[in-house]
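What follows is the structure, encoded as structure tokens:
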């Protein structure tokens, strides 16, 4: 039996840089799904909304009016972005089954006494403004069965890369020799380990763009470090890097996940304080006095933190030397060069070289997650999140207000 349908994926990550929208065609072919990207675009987040999201993410006493207003504003932005892309592609909305909307994460605390993951938008309003059903709130069902609620994308990576009927990519993974690792360099870096003969593995390795972008904007006024040029002008401070890598998160076993709740400017300030204490102790011990840290040296050291924390984890999976990169960090040429130096035996390629848009991959994943929810397919991966069981994820918001269910 062959059938195909369209789904829309909406994603905005912890780096708070843009809203990504992907229209995806999913064709069911017997027991397989062929997943194809139809169209993709990104829309920048307005500065005021970005500022409000930072407030909601870090302030202990959250302004409830800001919380409510921001959810509505995000729904309006999401709807405009979706409607514009559909209009550009001249697709009849009746052909689109649902929108998978991740929302914006303001808190992710799956290890608390009362674990939760909170993303904000207004899925009801999004459904009404687009006239399309919406699936949202994906993470909390996984949390409810003991999982981390993250990362969710490895299950999609497995569906996209390992199914033989999927002709979207040039070389689907057919056997152990075709096993590979994917590194997503978003706000947080995470890896997916794919082996057709084993369960998928995936987890967050540590910070990526969330710290690099925040430090860059604070000191240069630019929202990101284009191609890593500013970082390249600095030098790695090994003492500071060692202090950062001593953070407990890096030694935790997987499954694990993290976010800007941990890796933020407050965390960096603490690392710099520890560095100052170490320097003072070294001076007292008559060791050479180190040079003052320049802002670009800290940027360079943060980049190395991303590289080393990811590379150290990648090296533990010895069955494959194929590494594919996706996410915004793909465009940081200096970061990719440093990663290659850490992994000299690995072939490193952007997923674009497989015919998969590296910027669109996460938005595509949420289109697929919506497809799974509509079709009652479990889409969490207990081997990734640590959940007790496979489960269907997401809440379904209908755009049809005139329907009466008996």
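In the numbering used here, the protein residues as written are 245 to 650.
We put the CB at the ideal spot given by N, CA and C, even for glycine.
The three-state secondary structure of residue 522, taken from DSSP, is helix.
Within the same chain, Cβ atoms closer than 8 Å to the Cβ of residue 577 are found at 471 and 472, the five residues on either side in sequence being excluded. Shown here, residue 392 sits in coil according to DSSP, grouped into three states, outside any helix or strand.
By the C-beta density criterion, residue 446 is buried, having at least 16 other C-beta atoms within 10 angstroms.
Remark: C-beta atoms of residue 383 and residue 393 approach each other more closely than 7 Å. The C-beta separation of residue 405 from residue 454 comes to about 26 Å, leaving the pair out of contact by the 8 Å criterion. The beta carbon of residue 596 sits closer than 6 Å to the beta carbons of 602 from its chain, once the five residues preceding and following it are set aside; these are given in chain order. With respect to the C-alpha of residue 628, the residue from 509, 386, 608 and 609 having the closest C-alpha is 386.
Distance check between residue 560 and each of 276, 466, 497 and 544 places 497 closest, using alpha-carbon atoms only. Taking each of 429, 626 and 441 in turn and checking the Cα distance to residue 563, the smallest one comes out for 441. Take residue 546, set aside five residues on each side of it, and the residues of its chain with a beta-carbon closer than 7 Å to its own are 455, 456 and 459, in chain order. Judged by DSSP in its simplified three-state form, residue 590 adopts coil rather than helix or strand. The three-state reading of DSSP puts residue 383 in helix, counting H, G and I together. With a 10 Å radius around the Cβ and a threshold of 16 neighbouring Cβ atoms, residue 398 comes out buried.
Ranked by how close their Cα comes to the Cα of residue 269, the residues 377, 422, 261 and 253 have 253 in first place. Comparing C-alpha distances from residue 343 to each of 251, 463, 400 and 307 shows the shortest one belongs to 251.
Here the stretch 306-318 makes no contact with the stretch 278-287; the two share fewer than three CB pairs at distances below 8 Å. If only complete runs of 4 or more residues are kept, the stretch 301-337 shows the alpha helix (DSSP H) at 308-333, in order along the chain.
When DSSP states are grouped into helix, strand and coil, residue 362 belongs to the strand group.
Counted as a single uninterrupted DSSP element, the beta strand (DSSP E) harbouring residue 568 occupies residues 566-570. DSSP places residue 345 in the strand class (E or B) of the three-state scheme.
Residue 615 sits in a helix when the DSSP states are folded into three classes. According to the DSSP secondary-structure assignment, residue 351 is paired through a beta bridge with 362.
For residue 463, DSSP records no beta bridge to any residue.
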